[in-house]
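Undergrad: Just so we're aligned, residue 152 is where the sequence shown starts under our numbering, counting upward by one. Backbone N, C-alpha and C define an ideal beta-carbon position, used for all residues, glycine too.
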Amino acid sequence: MPTVVYQLPDGSTSSVDVPVGQSVMDGSVRNNLPGIVAECGGSCSCATCHVFLDDDSIAAFGEPTLEEQDLLEFLDGVQPCSRLACQLVLTPDVGTVTVTVPSSDA
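Printed below as a string of structure tokens:
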């Protein structure tokens, strides 16, 4: 089972085993981790699950869709490694990925 390491806004880190087929957002929400609000429930329509992918984790996921890119465009604090956690679906070939959850005032 893939492991997602969440670097949380308060500086703490939480490692969560997330089943294949679920998203990075699912792992956070199901474990009540702070920072990923996920207002739309994962339908890529609100951008409240913004995360920064660690350099070593970028290759585990495909390129962002145009829809995801459009949502990211309007967020404050966007970086080249910014992604929406709802669009980061874990596959069987993923071992461990690391994401940083930005603070809400970033």
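Which residue from Val252, Ser208 and Cys197 puts its Cα closest to that of Asp221?
TA: Cys197
Undergrad: Whole-angstrom Cβ separation of Pro153 and Val180, contact assumed at under 8 angstroms?
TA: About 16 angstroms separates the two Cβ atoms, so there is no contact after all.
Undergrad: Span of the alpha helix (DSSP H) holding Val155?
TA: From DSSP, Val155 is part of no alpha helix (DSSP H) but of the beta strand (DSSP E) over Thr154 to Gln158.
Undergrad: Restricting to Cα atoms, I'd like to know which of Ser194, Ser255 and Thr249 is closest to Ser165.
TA: Thr249
Undergrad: CB Phe137 to CB Gln230, shorter than 7 angstroms?
TA: With the chain represented from 152 up to 257, any question about residue 137 goes unanswered, as that position is not in the structure.
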